[in-house]
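A short worksheet on the structure shown next.
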Amino acid sequence: MATQLNRVVVTASGFEQKIKNAPASISVITREDLEERPVHSIAEALRDVEGIDVTDGTDKSGSLQIQMRGMPADYTLILIDGRRQNSVGNVQPNSFERTENNFLPPISAIERIEVIRGPMSTLYGADAMGGVVNIITRKISDEWRGAVNLGTTINFDSEFGNNTSGDFYIDGPLKQGLLGMSVRGAYVNNQENNVTYTNDDGKEVTPTFSGNKVPNHRYDTGLRFALTPTKDHDIVLEGTWSRQKYDNSWCAPNTTNLGRCGAMGRWNGGYSSDALRFHRDSYTLAHTGRYSFGTWDSSIMHNTTETIGRLIPEVLPPQHRPPGTGPNDPRDLKIRNIVFDTKLVTPLGTDNHMFTLGGQWWSAKMTDTLVGSPMEHKQWGIFAEDEWSLTDDLSLTLGARYDHHNWYGGHFSPRAYVVWNTTPNWTIKGGISRGFKAPKVNELAPGIQNVGGQGTRPIIGGNPDMKPETSTSSEIGFIYDNLSNFSVGATVFNTDFKDKLESERVWNCRYTGADRPMNEECVDIGSWTDDNGVEQATFSRRTNLSKAVTRGVELQAKYLITDNLDISANYTYTYSRIKYPGHADDGKPLTSTPKNMFNAKLTWYPDDALSLWTRLEYRGKRYRDNQGENGSNRYYRSLTLAHVGGTYRVNKNVALNMAVYNVFDTNTVDYQREGNSYANQYRMVEPGRRLWLSTNITF
């Protein structure tokens, strides 16, 4: 039981230490954990972690989102081997943003995933307000080895499509002690869903966007070389290439597609009638030097993320089309990032101080045909952190970071954290930290930066007064481990935001309706009329508007009941509120994260070759705003799902996995009339009962 708390992690401080001593709330997911369930995205890997909700609906691609401690999805920073993956601009607009969570290395290439709940802007800069997910891949071995995983999911309900997947990983020395190589690959193929509901007239209706994913597939490949010229120096050169393709080759009434069909099946939504593709290519050169004064890590990464298949919307007024373009011309959406990171970890003076000093330089350029000129982002930052061992059992971590951005200037992020091992069994830890989140580069660009409503509504940028969101977070918790068969932990957290970025409505200067107050701000982006030739009254714009608070409790426990039977469980209570006096959103939750979430897993090991498990997950009701007539149906329904499965190890190299998910075939498709439309009473459509089969082969 003490093994979990004694696992070594690096994300919380930048150097190796045990979980119980790490200055953060941290969870670890091992490769073995990932191999016993279907995991095809980062969000799926985090489904059982306390404080995290990945079931707050999907985007148009069917991809899940990650929400930590009641914060929106883009408040979580994703790292792979400590290097940031989040884009500084949105090249997957109009609810395709979560496809970024599908850029996941093959499971066989992952060593572990470290999850930090709470701000980590001091070490990692912008976007780490909610927390950090660090996917750590396997280091190249001194001997040749490999792994292959094959899996399939078969749905009992024909409305849900099946999927198949496979991945591999091979590494080893090209020249012993000097040069090593690894190669990896993964493929996932998802069939389409065909979920329907019956309306009041008895007709079968296919819901738009929600619950129905189109046929799609994705793959990831990677190649890495590791050079060790001396025992104190490691040089790594790596390239990865990821592709996602979503079929959109047909357009007909009451069918699933990514855009919207016009009259007579005419395409008018700004999407290719072939497919929508998301590409990411990444190249990294890294060096680690072990010197007498400490360990120095440096890396430079170049990556590009691109969306292919978006078009200039046909309904976009001619005067607002980019020069030289026409309706349904390709819309180039691409972002290039160059990030240089460097970090030195060294004992400071005595062994009582472990000092970290580092910096980051980040240059990005985003192109969007709809906007015109490329949008640029330049940022640099320096940080320092000291873990001071006041005694053998008490440590204090103090850190600070300064970032400078070419749009909004400088920002300072400090943190302080205490870890006290009061006895061999008890640990108390807590701290306070500042976080920040910068606006997207496309939100800062002047003029029209995107369109909604299938090209009928402009979304404008260029607000010169926008500045980063900031947060102040505090937490305190304890861990008890009897060093035998039982451990339990609890954490209380609170985060206060200010300058939260929200969408606001701003008046169109050319609108002359009697309802427009002449003394309020307006913007002029040229004539923008609706289908009847009437000027639109307002536009949407991002700006700093409100404050917000999230707070809650996280509980987790594990109990080894007998030598071959154990149970683990976690519970999260989350409260959030927007503070925006005089606005319709004042007093509403920040997200629709349920107040109550619970996960439990019981595992039985009848012998050394077989393990059997059953898992339960509960998500309480979710806030959904006023819906229907008279503001009814303010909450989505709660949901409880049960799953069973097991692993049989044929020998030391082959393992067979089988699981039945949603054992009781709980139906989450319940559309009811609300005013003039229909809406599902569950936040997300979960597939019905389904069988998952997989095999893990190592050699």
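Quick note: the sequence shown, position 377, residue 376 per numbering that gives the first Met the number 0, numbers continuous. Ideal Cβ positions, reconstructed from N, Cα and C, are used throughout, including at glycine.
query, result
"What separation, rounded to the nearest whole angstrom, lies between the Cα atoms of G756 and E673?", "Nothing about residue 756 can be read from this structure; the chain reaches only from 0 to 698."
"Which first and last residues belong to the alpha helix (DSSP H) in which F137 is found?", "Reading the sequence as shown, one finds Arg at residue 137 and not Phe. R137 -> no alpha helix (DSSP H), and no H or E assigned at all."
"Which two residues bound the contiguous beta strand (DSSP E) that contains D296?", "293 to 307"
"Going residue by residue through the segment 534 to 566, where are the continuous beta strand (DSSP E) segments of at least 3 residues, counting only ones entirely within it?", "537 to 561"
"Just how far apart, CA to CA, sit S693 and D166?", "11 Å"
"Mapping the DSSP letters down to three states, classify H319 as helix, strand or coil.", "helix"
"Bridge partners of Q671, per DSSP?", "A678"
"Measuring alpha carbon to alpha carbon, tell me which residue in T667, G221, D585, N189 is nearest Q243.", "N189"
"Roughly how many angstroms lie between the CA atoms of E534 and W379, to the nearest whole one?", "43 Å"
"Helix, strand or coil for Y700? Go by DSSP, reduced to three states.", "In the structure displayed, the chain extends from 0 to 698; residue 700 sits before or after that span and is not available."
"So what does DSSP say about E35, is it helix, strand or coil?", "coil"
"Quick one: what's got a C-beta closer than 6 Å to H301's C-beta in the same chain, skipping five residues either side?", "Y282, I337"
"How many Å lie between D464 and N441 at the Cα?", "15 Å"
"DSSP three-state call for I696: helix, strand or coil?", "strand"
"Smallest Cα separation from R636: which of A654, D669, T646?", "D669"
"Three Cβ pairs or more, each shorter than 8 Å: is that satisfied between the segment 73 to 87 and the segment 18 to 30?", "no"
"Can you tell me whether DSSP reads N101 as helix, strand or coil?", "helix"
"Would you kindly work out how many angstroms separate the C-alpha atoms of P592 and T646, rounded to a whole number?", "The amino acid at residue 592 is misidentified as Pro; the sequence shows Thr. If you take the alpha carbons of T592 and T646, they lie about 32 Å apart."
"Does DSSP put S107 in a helix, in a strand, or in coil?", "helix"
"From D47 to P104, what distance separates their C-alpha atoms?", "20 Å"
"Is the Cβ-Cβ distance between R116 and R68 less than 8 Å?", "yes"
"Taking E685 as part of the beta strand (DSSP E), name the residues at either end of that continuous run.", "Where E685 is concerned, there is no enclosing beta strand (DSSP E), given that its DSSP letter is neither H nor E."
"Looking at the strands, I want to know which residues DSSP matches up with Y572.", "V552, N595"
"Which complete beta strand (DSSP E) runs does the segment 127 to 201 hold, if anything under 3 residues is left out?", "130 to 136, 144 to 154, 162 to 174, 178 to 189"
"Cα-Cα, which of S181, G619, Y245 is closest to L226?", "S181"
"State yes or no: is the beta carbon of L544 nearer than 8 Å to at least one beta carbon in chain B?", "Structure shown: chain B not included; a single protein chain is present."
"What does A415 pair with, by DSSP beta-bridge criteria?", "L397, I431"
"Name, in chain order, the residues that DSSP records as bridge partners for C521.", "W506"
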